[in-house]
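Novice:
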Amino acid sequence: MFALTGCHFPKDAVLYAVFFYLRYTVSYRDLEEIMTERGVRVDHTTLNTWVVKYSPMVAARAHSKKRLTLNSLRMDETYLGVRGKWMYLYRAVDKAGNTLDFMVSERRNAQRYPDLVGSNSSVQAQNWKTDRRGLVPLPVQQQTAHPERQHRDQRRNR
Numbered sequence: 001m002f003a004l005t006g007c008h009f010p011k012d013a014v015l016y017a018v019f020f021y022l023r024y025t026v027s028y029r030d031l032e033e034i035m036t037e038r039g040v041r042v043d044h045t046t047l048n049t050w051v052v053k054y055s056p057m058v059a060a061r062a063h064s065k066k067r068l069t070l071n072s073l074r075m076d077e078t079y080l081g082v083r084g085k086w087m088y089l090y091r092a093v094d095k096a097g098n099t100l101d102f103m104v105s106e107r108r109n110a111q112r113y114p115d116l117v118g119s120n121s122s123v124q125a126q127n128w129k130t131d132r133r134g135l136v137p138l139p140v141q142q143q144t145a146h147p148e149r150q151h152r153d154q155r156r157n158r
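Just so it is clear: in the sequence shown, position 7 is 7 by full-length UniProt numbering, and no numbers are missing.
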């Protein structure tokens with residue numbers, strides 16, 4: 001499963017501490033107390049080392065095991081402007097309208113999108129449905145300029 005090389009603590013205790021830190025919002029000192037209650041005396045700096053060292057492995061393992069299999073997905077294709085350039089946004093949408101995965105591309109490659117989604121993520125479907133009408137309107141967020149920048153611009157114009 002996991003090869004914890006150079007670790008002098010039981011593997012179960014290390015993985016429990018890493019999981020507990022990632023899952024719940026606790027500090028390293030609180031986690032130190034929790035581990036002491038469980039019978040493992042470990043320093044908070046060691047816990048920090050474990051989280052930094054082993055959390056990418058835990059996340060990769062969890063991501064590889066996670067498989068969302070649906071009978072059908074809908075592919076939504078939208079043309080939008082990103083930083084002054086027009087780009088294509090492809091979304092994998094389930095029946096409820098929830099976005100499961102997305103891809104932004106400069107070129108229109110709708111036929112390639114299901115292959116990319118199937119290989120790079122946990123979304124796998126038996127068949128894809130496309131609709132020329134929009135499925136679910138994508139909420140557009142307008143980002144205004146930073147207030148300080150606006151004031152600086154006004155100072156230059158005076």
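Yeah, the Cβ is synthetic: ideal placement off N, Cα and C, and Gly gets one too.
Have a look at Asn48 and Tyr28 and give me their C-alpha separation to the nearest angstrom.
Specialist: 7 Å
Novice: Exposed or buried, what is Trp86 when buried is set at 16 or more other beta-carbons lying within 10 Å of its beta-carbon?
Specialist: Counting the other Cβ atoms within 10 Å of the Cβ of Trp86 gives fewer than 16, which makes it exposed.
Novice: Would the C-beta of Val58 count as close to the ligand MN, meaning under 6 Å from any of its heavy atoms?
Specialist: What this structure holds is no ligand at all, so the ligand MN is not there to describe.
Novice: Drop a sphere of 10 angstroms on the beta-carbon of Tyr90, count the other beta-carbons inside from all chains shown, and report buried for 16 or more, exposed for fewer.
Specialist: buried
Novice: When we look at the beta-carbon of Tyr79 and count the other beta-carbons within 10 Å, is it buried (16 or more) or exposed?
Specialist: exposed
Novice: Whole beta strand (DSSP E) runs in the segment 22-83 with 3 or more residues, listed along the chain?
Specialist: 68-82
Novice: Under 7 Å, do Leu4 and Lys11 count as touching if we go by C-beta distance?
Specialist: In this structure, Lys11 lies closer than 7 Å to Leu4 by Cβ.
Novice: Any idea if Asp43 is buried or exposed, counting beta-carbon neighbours within 10 angstroms, 16 or more meaning buried?
Specialist: Exposed, because fewer than 16 other Cβ atoms sit within 10 Å of the Cβ of Asp43.
Novice: Do Val93 and Arg74 count as a contact pair if the criterion is CB distance below 7 Å?
Specialist: yes
Novice: Could you check which residue in Arg83, Glu106, Val82 and Asp76 has the C-alpha nearest to that of Gly97?
Specialist: For Gly97, the nearest C-alpha among the options comes from Asp76.
Novice: So, are the CB atoms of Val18 and Tyr54 less than 7 Å apart?
Specialist: Yes, these two residues count as a Cβ contact at 7 Å.
Novice: Rounded to the nearest angstrom, how far is the Cβ of Val40 from that of Phe9, given a contact under 8 Å?
Specialist: 7 Å
Novice: Alpha carbon to alpha carbon, what distance is there between Pro56 and Ser64?
Specialist: Rounded to the nearest angstrom, the two C-alpha atoms are 12 Å apart.
Novice: Based on Cα-Cα distance, which residue from Thr36, Cys7, Asp101 and Glu106 lies nearest to residue 168?
Specialist: No answer is possible for residue 168: the residues shown for the chain start at 1 and end at 158.
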